Amino acid sequence: MRLLDSLEALGYADLGICDADKSATEVAQQVARCLGVSPYSEAEQLTANAVTSKGPNTYGGNYGYSELPLHTDLAHWYVPPRYLMLRCVIADPLVSTRVLHHRDVLGVLPRGTADRALVRPRRKLEGKLFLLRLHQNGIFRWDQLFLVPENEEARKVRDLLVATPSPFNVDEIRLDRPGRTIIIDNWNALHGRSAVQHTGTSRRRIERLYFASEAYGNKNST
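If you count by the numbering used here, then the sequence shown holds residues 1 to 222, one letter each, in order.
#1: Tell me the DSSP secondary structure of cysteine 34 in three-state form.
#2: Distance check for leucine 94 and arginine 174, CA to CA, integer angstroms please.
#3: Look at alanine 189 and leucine 100 and say whether their C-beta atoms are less than 8 Å apart.
#4: Quick check: the Cα distance between isoleucine 17 and asparagine 49, rounded to an integer number of angstroms?
#5: Could you check what DSSP says for glutamine 29 in three-state terms: helix, strand or coil?
#6: Using a 10 Å radius around the Cβ and a threshold of 16 neighbouring Cβ atoms, would you call threonine 58 buried or exposed?
#7: One question on the structure: do proline 39 and phenylalanine 211 come within less than 8 Å of each other, judged by their Cβ atoms?
#8: Look up valine 157 in the DSSP assignment and say whether it is helix, strand or coil.
#9: For valine 148, report the span of its alpha helix (DSSP H) as first-last.
#10: Express the C-alpha separation of tyrosine 65 and phenylalanine 140 in angstroms, rounding to a whole number.
#11: Are the CB atoms of alanine 154 and leucine 134 within a distance shorter than 8 Å?
#12: Applying the 10 Å Cβ sphere with the 16-neighbour rule, what's the burial state of glutamate 207?
#13: Whole alpha helix (DSSP H) runs in the stretch 64-127 with 4 or more residues, listed along the chain?
#14: May I ask which residues mark the beginning and end of the alpha helix (DSSP H) holding glutamate 8?
#15: Do the stretch 83-98 and the stretch 164-183 meet, that is, are 3 or more Cβ pairs less than 8 Å apart?
#16: Can you grab the Cα-Cα spacing for the pair arginine 103 / arginine 111, in whole Å?
#17: Helix, strand or coil for alanine 212, going by three-state DSSP, please let me know.
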């Protein structure tokens, strides 16, 4: 399946072992040309650590080795990154990246619920608090840690997405070899991560880069 077709159909594209001899930045530049977007972040190294080793305004500082819930990266930005790339540096075959296309969420909600749902960032961004629509202008966003529901429609979406057991069948991708790479459509799919063994045996390390839509650049709340 072609890159764009896979992103549209699944919300992600599994590139397999992609140019393992090249840096994540080089691979991101190739992907950006294919998608007509711009990479605007340096490769960030992601590892699981104890909760106490990270700040409270981070996922690591709240979840540590535990499962990461489905979310939009930087959902509190006015315009979140268009895509993100995850690339394996050190594999852990027991850990999976989970992806859920937003159409599956919309499919079980009453029509228009997500469009009317209002949320606000938990913390001020550049000294300001503002409301965001959960689904607007081709962007579906959710983050149970950093977004606060502001009306009944948003609470319905939250309750659906935090329900245990989950009503959704998510796709699970294992970044099980160095160089294995996936691209996630951050406007149309939520993603998370299964729990990481914290016995000291897991050295899993993933590189992450973000891409901005050419139409928006890297605009956030400004």
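The C-beta atom is built at its ideal place from N, Cα and C for all residues, glycine as well. Given the structure is predicted, the values throughout are model-derived calculations rather than measurements.
Checking against the coordinates, here is how it stands:
#1: helix
#2: 8 Å
#3: yes
#4: 26 Å
#5: helix
#6: exposed
#7: yes
#8: helix
#9: From DSSP, valine 148 is part of no alpha helix (DSSP H) but of the beta strand (DSSP E) over 147-149.
#10: 27 Å
#11: yes
#12: buried
#13: 102-106 and 113-116
#14: 3-10
#15: yes
#16: 12 Å
#17: strand
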